[in-house]
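Asker: Quick one: structure below, then a few questions.
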């Protein structure tokens with residue numbers, strides 16, 4: 001039977017979207033390469049994207065600018081869907097007729113973050129002594145689930161750092177704090193020099209208003225010091241309410257003079273190592289009041305997380321990718337232990353009337369308990385909804401216990 005070519009470039013989405021592909025049908029695909037060439041390829045509709053990519057690079061060798069192409073694994077196919085949005089195909093096991101193409105046109109592109117991912121995979125391979133791809137090919141469902149869970153942890157951490165309420169600026173300039181067990185200074189009263197700085201005058205000490213504030217280092221926090229400084233500056237002219245003072249103090253942040261150190265943590269000033277070092281040297285701590293908005297713009301950290309190719313190939317990070325059940329602790333399970341036997345196979349016995357399963361729980365060489373299933377015929381060894389129930393709770397199972405199964409035959413004595 002001669003394959004029937006399907007119409008190419010009809011511009012009608014109904015052919016590709018609604019009608020099933022003809023068995024053994026052939027499609028004339030127009031494939032746009034990264035080097036700007038448009039290569040026509042004639043292939044069956046049940047061809048996978050991986051096989052199509054191989055055919056495409058065989059044809060690309062016949063065209064100019066082939067030397068500008070990267071390896072086939074560095075590219076993915078994408079097209080424009082019926083909704084007008086760009087749709088990328090990371091799962092190369094899909095067939096052409098399953099793509100629901102609007103027109104038989106695909107483009108080959110290098111995905112975002114591909115070069116960084118390849119370089120990172122190379123560095124990991126050098127560190128462990130063999131290519132990372134060998135490790136990925138040997139992963140089972142359990143290790144893939146653990147890998148996915150680890151990615152979720154990283155994803156949630158990046159999401160948390162993007163939250164402005166989590167003080168993400170501390171990741172750029174972490175504060176140097178001492179531990180709570182560090183001995184406190186003998187004297188808690190200290191004079192601190194504070195300069196009022198504007199958003200446009202960040203580095204120099206000139207042009208700002210200096211104030212010397214006496215405070216208790218054991219109880220005063222950076223926010224308290226900001227309010228004292230604002231109170232000393234504005235309270236002399238006219239009284240300011242506490243709410244307005246709190247609102248004004250939230251617009252500033254304290255910075256150590258000459259250091260990339262910001263005091264934002266809500267802990268006593270004696271916990272900051274810079275303040276302690278000034279006390280040990282018997283010098284006055286020098287701080288500046290900076291505009292919080294200007295500091296955040298200067299120290300802004302872009303937390304970008306590009307999903308790796310193995311995540312994008314699975315179309316997301318949903319739980320149903322690996323059919324992961326909801327995790328629960330055995331210590332919180334107060335049910336009685338029971339086992340369900342479904343069926344048995346490859347039972348090569350003759351001259352027996354019935355069979356049953358003996359399920360025993362052992363701890364080392366010692367048997368803790370043994371139970372038997374119902375007896376069934378060996379011709380159809382199925383137990384449907386039969387359960388083997390035990391007389392103890394799940395939390396009572398000792399560590400390293402093992403359950404052993406054995407099939408026992410029964411022959412009825414004829415009288």
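In full-length UniProt numbering, the protein residues as written are 1 to 415.
Heads up, the beta-carbon is just placed ideally off N, CA and C, and yes, glycines get one too.
Treat the numbers as computed from the prediction; the structure is a model and nothing was measured.
1. Can you tell me the Cα-Cα spacing of residue 90 and residue 77, whole angstroms?
2. Go through the UniProt domain "C2 PI3K-type" (333 to 415) residue by residue and report every complete run of the alpha helix (DSSP H) that reaches 4 residues or more, in order.
3. Helix, strand or coil for residue 105 per DSSP?
4. Residue 359 and residue 376: beta carbons closer than 7 Å?
5. Identify whether residue 44 lies in helix, strand or coil by the three-state DSSP scheme.
6. Residue 369 and residue 390: beta carbons closer than 7 Å?
7. Can you tell me which of 45, 30, 46 puts its alpha carbon nearest to the alpha carbon of residue 56?
8. Which word fits residue 284, buried or exposed, when buried means at least 16 other C-beta atoms lie within 10 angstroms of its C-beta?
9. For the putative contact between residue 217 and residue 263, defined by C-beta atoms under 8 Å, what is the C-beta separation to the nearest angstrom?
10. Determine the direct distance from the alpha carbon of residue 124 to that of residue 136, and round the result to whole angstroms.
11. Please classify residue 139 as buried or exposed, where buried requires at least 16 neighbouring CB atoms within 10 angstroms.
12. Go to residue 281, then tell me how far its alpha helix (DSSP H) extends in each direction, as first and last residue.
13. Residue 176 by DSSP, collapsed to three states: which one?
14. Leaving out five residues before and five after residue 111 in sequence, what residues of the same chain have Cβ atoms less than 6 Å from its Cβ?
15. Does the distance from the C-beta atom of residue 335 to that of residue 356 stay below 7 Å?
16. Report the rounded CA-to-CA distance for residue 374 versus residue 96, giving the unit in angstroms.
17. Would you identify the three-state DSSP class for residue 198, choosing helix, strand or coil?
18. For the alpha helix (DSSP H) that contains residue 55, what are its first and last residues?
19. Quick check: the Cα distance between residue 332 and residue 395, rounded to an integer number of angstroms?
20. Quick one: residues in its chain with C-beta nearer than 6 Å to the C-beta of residue 190, no 5 flanking neighbours on either side, listed in chain order?
Answerer: Result, derived from the coordinates:
1. 7 Å
2. none
3. strand
4. No. Outside cutoff.
5. Correct three-state label for residue 44: strand.
6. yes
7. 30
8. exposed
9. 12 Å between Cβ atoms; not a contact.
10. Rounded to whole angstroms, residue 136 to residue 124 spans 12 Å at the Cα level.
11. exposed
12. 273 to 281
13. coil
14. Cβ neighbours of residue 111 beyond the five flanking positions: 76.
15. No, these two residues do not count as a Cβ contact at 7 Å.
16. 51 Å
17. Per-residue confidence for residue 198 stands at a pLDDT of 49, beneath the threshold of 50, marking its modelled position as unreliable; the derived number appears in the next sentence. Coil at residue 198, not helix or strand.
18. 49 to 60
19. 8 Å
20. 217
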